[in-house]
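Below is one structure; the comments refer to it alone.
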Amino acid sequence: MSRPRETGRNMPHQGNQTSRWHRRISAFGPAIGRGALLDLARGPLGAGLAFVIVGSALLLPSLHHWDGLFLIAPFGASAVLLFAVPNSPLAQPWSAIVGNGISAFMAVLVLSFVREPVSAAALSLSLAICAMLLSRSLHPPGGAVALVAALDPHLVDRLGYGFVLAPVLAGTAVLVGLAIIWHRLTGRVYPFRQPDALGPHGTTDKIPGQRLGLDTDDLRQILDANRQSSNLGVADLGRLIAAAEQLAAAHHMDAQKCEEFMSVDLVTVSPGTPAGRVAALFRKHGFTSIPVVTDGDRLEGVIFQIDLIRSARRAAQRHHSGFFAALTELSGAASRTAPRARDIMSVGLPAVTKDTPVGTLLPMLEDGRAEAVPVMDGARIVGIVTRSDLVSALARNAARSTTS
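Quick note: to get the numbering used here, add 478 to the position in the sequence shown (first position is 1).
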């Protein structure tokens, strides 16, 4: 009688071995997350336009007598950082300009004493990296700048230390300037966001979701201790810690659904309701938000108190009148010139369903984004969750944690 095969005993071992091989192979896979479609277009397009501008400018007859004005290959590497990853510390203006410039200087200095190509290239690269680290201007294309000079001694003989000024410093400065303009036009923050920059309300206070109890020095110490200061900035580290804390809090609240906290006896208006009538409802009920609906409670938008103030400010600017006069006219229910609800409502707001965990609302109701989130059943609004509702949910969650 033959002995049965012990396949069941071998399977866990085989599974573990397969898992180990999978982990080893995956270590060679992509380490960068998938980029948003906007970023996939913004980076390449910006870099391409920058080189079109720079290249076209160098063809101008008025610049032909400047011997050092030409493109070098390391500018392409700099453009990748400046336009594709502008948040990186390696892509900041100091890193780019000083890093490329000091690398070029080191290469020219080495060629004054060493002419053998391999030795000159190795020494130039080593000194360039050392100089960039000492000056806190680490910029990977700087290594390529050093090699370009070391491997082309005739170019350096012709330009001398002028090679540092042009093309290196001049070309890098132009690329940085174009990157600043491009990112400002396309809605990105460049140069690097600073931790002491003003918040969205024009004050030094961070939005509530980013108040960590850690100051700038604490965050900088974390980066230095983990040797990450060349990969991540202080402000971005703060944003990541805040996002992680927010997500952790949301997970703790997953058991609580929006249905438990939402307001269901809604006071709504139609799109044609005069702004004065809306203002009267705000005064009567003390609400901070009023949904705008059509037949069947189909949501069209939400009016917040700030929407009335903004509308009055626009009217004052348009008619060159005082703000309070414009606000008084706006609040006049009988005014024929007063805007309607459809003219002042906010649209495109985030929405949830009754079964959405309350924790999901934390980033939605973060300061500066929205004051309330509609709760939807298809196209119908069935409730609304305000910041006050969210505070109630947080208080209940805290009480449960204390008693458990």
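For each residue, glycine too, the CB sits at the ideal point set by N, CA and C.
Note that the structure is a prediction, hence the values are computed from the model and not measured.
Tell me the DSSP secondary structure of P571 in three-state form.
helix
Are the stretch 598 to 616 and the stretch 547 to 554 touching by the rule of at least three beta carbon pairs closer than 8 Å?
no
Answer yes or no: do A585 and A628 have a C-beta to C-beta separation smaller than 8 Å?
yes
Looking at T746: is its Cβ nearer than 8 Å to the Cβ of I768?
yes
I'd like to know whether the C-beta atoms of G764 and R858 end up nearer to each other than 8 Å.
no
Do I550 and V626 have their beta-carbon atoms positioned less than 8 Å apart in this structure?
yes
Provide the residue(s) that pair with L777 in DSSP beta bridges, ordered along the chain.
V771
Per DSSP, which one or two residues make a beta bridge with R858?
R776 and D855
Rounded to whole angstroms, what is the Cα-Cα separation between G711 and S566?
7 Å
Quick check: what's the CA-CA separation for D702 versus V742?
51 Å
Closest by CA to C736, which one among R717, V771, I784 and D833?
D833
With distances taken from CA atoms, which of S613, R593, P618 and G511 is nearest L560?
P618
For P835, three-class secondary structure by DSSP
strand
Quick check: the Cα distance between Q818 and G754, rounded to an integer number of angstroms?
One point to set straight first is that residue 818 is Arg, not Gln, in the sequence displayed. So the alpha carbons of these two residues sit roughly 9 Å apart.
If you run the structure through DSSP and keep just helix, strand and coil, what is T694?
helix
Straight-line CA distance for P835 to T772?
27 Å
4-residue-minimum alpha helix (DSSP H) runs that sit fully inside the stretch 553 to 637, ordered along the chain
577 to 589, 595 to 612, 619 to 628 and 631 to 637
Alpha-carbon to alpha-carbon, R717 and V558:
24 Å
May I ask you to list the residues that DSSP assigns as paired with T864?
A850
Outcome for V591 when other beta-carbon atoms lying within 10 angstroms are tallied against a minimum of 16:
It is Phe, not Val, that sits at residue 591 in the sequence shown. F591 is exposed by the Cβ-count criterion.
For D821, the first and last residue of its enclosing alpha helix (DSSP H)
A819 to I822
Top-ranked residue by Cα proximity to P852, from A829, S497, E723 and F760
A829
Which residue comes first and which comes last in the alpha helix (DSSP H) that contains G655?
A648 to L663
Just reading off the alpha helix (DSSP H) that V756 is part of, what are its end residues?
A753 to H763
7 Å CB neighbourhood of V576 in its chain, flanking five on each side removed:
S613 and S615
Residue burial classification, S573 (beta-carbon count within 10 angstroms, cutoff 16):
buried
Going by DSSP in three states, T741 sits in which element: helix, strand or coil?
It should be noted that the sequence gives Ser, not Thr, for residue 741. Note: S741 maps to strand in three-state DSSP.
So, M842 versus D785, is the Cβ gap smaller than 8 Å?
no
Here's the rule I'm using: 16 or more other beta-carbon atoms within 10 Å means buried, otherwise exposed. How should Q514 be labelled?
Position check: residue 514 holds Ala in this sequence, whereas Gln was assumed. Answer is exposed; the Cβ neighbour count stays below 16.
Going by the beta-carbon positions, is the gap between S870 and F782 smaller than 8 Å?
no
Taking its Cβ as the centre, do 16 or more other Cβ atoms sit within 10 Å of T694, making it buried, or is it exposed?
exposed
For F782, which residues does DSSP report across the bridge?
S767
Under the three-state reduction of DSSP, which class applies to V830: helix, strand or coil?
strand
Looking only at its own chain, which residues have a Cβ that is under 7 Å from the Cβ of V646, when we skip the five neighbours before and after it?
N578, G579, A582 and V623
Would you report the Cα separation of A812 and G856, rounded to the nearest angstrom?
Its pLDDT being 49, under 50, A812 is placed unreliably in this model, and the value from its coordinates should be taken loosely. Approximately 35 Å between the Cα atoms of the pair.
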